[in-house]
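For reference, the structure is listed below as structure tokens.
Number of protein chains: 2
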Amino acid sequence: MLPLSQTTGYAVRAMQCLQEPGGHPVLVEEIAEYTGIPHSYLSKLVHKLAKKGLVVARRGHHGGVVLARPAAEITLEDLSEAIDGVAWRKRCLIGLLGCSDANPCVLHEFWHETLNQVLVRLRSVTLADLAQNHDAGVERFRESHGLAEPAAHELEPERELVGHS
Amino acid sequence: MLPLSQTTGYAVRAMQCLQEPGGHPVLVEEIAEYTGIPHSYLSKLVHKLAKKGLVVARRGHHGGVVLARPAAEITLEDLSEAIDGVAWRKRCLIGLLGCSDANPCVLHEFWHETLNQVLVRLRSVTLADLAQNHDAGVERFRESHGLAEPAAHELEPERELVGHS
DNA sequence: ATCAATGATGATCTTCCGGTAATCTAATGC
DNA sequence: GCATTAGATTACCGGAAGATCATCATTGAT
Numbered sequence: 008m009l010p011l012s013q014t015t016g017y018a019v020r021a022m023q024c025l026q027e028p029g030g031h032p033v034l035v036e037e038i039a040e041y042t043g044i045p046h047s048y049l050s051k052l053v054h055k056l057a058k059k060g061l062v063v064a065r066r067g068h069h070g071g072v073v074l075a076r077p078a079a080e081i082t083l084e085d086l087s088e089a090i091d092g093v094a095w096r097k098r099c100l101i102g103l104l105g106c107s108d109a110n111p112c113v114l115h116e117f118w119h120e121t122l123n124q125v126l127v128r129l130r131s132v133t134l135a136d137l138a139q140n141h142d143a144g145v146e147r148f149r150e151s152h153g154l155a156e157p158a159a160h161e162l163e164p165e166r167e168l169v170g171h172s
Numbered sequence: 008m009l010p011l012s013q014t015t016g017y018a019v020r021a022m023q024c025l026q027e028p029g030g031h032p033v034l035v036e037e038i039a040e041y042t043g044i045p046h047s048y049l050s051k052l053v054h055k056l057a058k059k060g061l062v063v064a065r066r067g068h069h070g071g072v073v074l075a076r077p078a079a080e081i082t083l084e085d086l087s088e089a090i091d092g093v094a095w096r097k098r099c100l101i102g103l104l105g106c107s108d109a110n111p112c113v114l115h116e117f118w119h120e121t122l123n124q125v126l127v128r129l130r131s132v133t134l135a136d137l138a139q140n141h142d143a144g145v146e147r148f149r150e151s152h153g154l155a156e157p158a159a160h161e162l163e164p165e166r167e168l169v170g171h172s
């Protein structure tokens with residue numbers, strides 16, 4: 008009933024690997040190896056993101072994927088919306104199909120406000136925010152899972168996390 | 008990734024129909040007719056709630072279901088926990104298996120705090136709160152959907168109805 | 001003791017999501 | 001233009017959640 012799906016999580020991790028618009032395209036294959044997301048599944052995911060205008064994918068020699076706009080202009084909400092859509096935001100908490108703004112159930116206002124708080128938070132975090140902690144977080148994960156080494160890694164010291172509280 | 012499942016919604020609706028502890032037991036059948044939740048599915052749901060100590064169910068003559076404690080002492084969080092458990096609260100937003108409090112991903116703190124805000128809200132609403140608006144909310148819904156009066160009509164097959172496809 | 005009322009339970013079906021594999025199509029270099 | 005490199009697309013598999021059906025087990029009235 009509030010599906011920030013696993014695939015949206017994948018989307019976040021994939022996007023963390025991408026360059027700013029204009030940079031060298033990153034191969035889906037590279038993202039797959041780096042993140043551990045299955046190649047073929049990632050390919051579809053990327054395609055979805057491309058259709059939504061968040062990334063640009065090119066085929067053939069020197070193809071790959073780049074951000075369609077600056078990382079600072081892509082929020083978690085954008086990713087959630089691109090992958091999971093927005094339909095779930097309108098679903099009644101207790102599943103009454105007749106429930107709507109005009110015809111609210113007992114919990115309508117309560118739930119609407121709850122979702123809103125979550126969305127505000129999702130909107131407050133951008134890809135650029137993530138990049139700042141990218142290495143620290145992902146490196147730890149990679150070590151504990153024996154995944155492939157990235158080409159270059161510059162580990163920034165532990166910073167205060169993105170928390171907006 | 009934040010599954011307040013459809014079944015939890017059912018649980019809320021079902022619980023709205025119950026009496027205070029000590030009151031006359033309500034039949035699963037009655038709840039099913041009143042709410043539109045499939046009888047057999049509801050039966051399992053009720054059983055789960057009983058195992059969690061939220062309701063008491065008795066079989067046989069004059070059996071039925073009653074609240075195990077006052078409505079004012081049962082929160083939405085209780086229901087969510089009884090049905091969906093708590094595992095999902097600990098899952099990493101972006102699906103990193105190595106992510107934990109000791110080994111946080113970039114979004115760990117952010118997500119933890121987000122979930123917390125939701126939980127605080129779920130904890131702030133009790134069944135008793137719902138009862139106060141029960142009639143207004145549910146009646147409106149029933150009217151606009153032609154659902155059975157507590158005294159059982161039959162439901163039209165083609166109309167969109169909660170949980171029927 | 002018996003029987004009917006009523007919840008409990010297990011098998012099965014469907015749908016959706018995550019995931020795999022094979023193949024198609026577009027872009028580039030030669 | 002042809003081969004190679006990439007992403008795009010299609011078909012299919014498996015598991016979990018929702019839902020249904022049939023059957024079992026318990027309680028209380030008589």
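Just so you know, the protein sequences line up as chains A and B, in that order. Sequential numbering from 8 applies to the first sequence in the working numbering. Sequential numbering from 8 applies to the second sequence in the working numbering. Note that beta-carbon positions come from the ideal geometry of N, C-alpha and C, so glycine has one too.
With distance defined between alpha-carbon atoms, name the residue in the options nearest to residue i.
{"i": "residue 48 (chain B)", "options": "B:17, B:113 and B:86", "result": "B:17"}
{"i": "residue 112 (chain B)", "options": "B:123, B:26 and B:99", "result": "B:99"}
{"i": "residue 77 (chain B)", "options": "B:130, B:109 and B:29", "result": "B:29"}
{"i": "residue 93 (chain B)", "options": "B:122, B:116 and B:66", "result": "B:122"}
{"i": "residue 69 (chain A)", "options": "A:95, A:38, A:33 and A:110", "result": "A:33"}
{"i": "residue 74 (chain B)", "options": "B:53, B:87, B:105 and B:88", "result": "B:53"}
{"i": "residue 116 (chain A)", "options": "B:41, B:129 and B:66", "result": "B:129"}
{"i": "residue 20 (chain B)", "options": "B:27, B:36, B:44 and B:31", "result": "B:44"}
{"i": "residue 95 (chain A)", "options": "A:110, A:83 and A:118", "result": "A:118"}
{"i": "residue 27 (chain A)", "options": "A:57, A:67, A:62 and A:51", "result": "A:62"}
{"i": "residue 83 (chain B)", "options": "B:56, B:31 and B:51", "result": "B:56"}
Do residue i and residue j have their CB atoms nearer than 8 Å?
{"i": "residue 25 (chain B)", "j": "residue 91 (chain B)", "result": "no"}
{"i": "residue 79 (chain A)", "j": "residue 72 (chain A)", "result": "no"}
{"i": "residue 9 (chain A)", "j": "residue 9 (chain B)", "result": "yes"}
{"i": "residue 114 (chain B)", "j": "residue 81 (chain B)", "result": "no"}
{"i": "residue 39 (chain B)", "j": "residue 59 (chain B)", "result": "no"}
{"i": "residue 37 (chain B)", "j": "residue 46 (chain B)", "result": "no"}
Under the rule that 16 or more other beta-carbon atoms within 10 Å means buried, what is residue i, buried or exposed?
{"i": "residue 102 (chain B)", "result": "buried"}
{"i": "residue 85 (chain B)", "result": "buried"}
{"i": "residue 105 (chain A)", "result": "buried"}
{"i": "residue 131 (chain B)", "result": "exposed"}
{"i": "residue 107 (chain B)", "result": "exposed"}
{"i": "residue 109 (chain B)", "result": "exposed"}
Kindly give me the distance between the Cβ atoms of residue i and residue j, rounded to whole angstroms, as I take these residues to be in contact under 8 Å.
{"i": "residue 137 (chain A)", "j": "residue 23 (chain A)", "result": "6 Å"}
{"i": "residue 87 (chain B)", "j": "residue 42 (chain B)", "result": "With 8 Å as the limit, residue 87 (chain B) and residue 42 (chain B) do not qualify as a contact, their Cβ atoms being about 18 Å apart."}
Determine the chain B residues that contact residue i at a beta-carbon separation under 7 Å, and present them in chain order.
{"i": "residue 90 (chain A)", "result": "Within chain B, no residue comes near residue 90 (chain A); the closest Cβ sits about 11 Å away, beyond 7 Å."}
Can you name the residues of chain B whose CB is closer than 9 Å to the CB of residue i?
{"i": "residue 133 (chain A)", "result": "Neighbours of residue 133 (chain A) on chain B: none; closest Cβ ~12 Å, over 9 Å."}
In chain A, what lies closer than 7 Å to residue i by C-beta?
{"i": "residue 121 (chain B)", "result": "125 and 128"}
Would you mind telling me which residues of chain A sit closer than 9 Å to residue i, beta carbon to beta carbon, in chain order?
{"i": "residue 9 (chain B)", "result": "8, 9, 10, 11 and 125"}
Using a Cβ-based criterion (distance less than 7 Å to any ligand heavy atom), does residue i qualify as near the ligand SAH?
{"i": "residue 26 (chain B)", "result": "You won't find the ligand SAH in this model; it holds no ligand whatsoever."}
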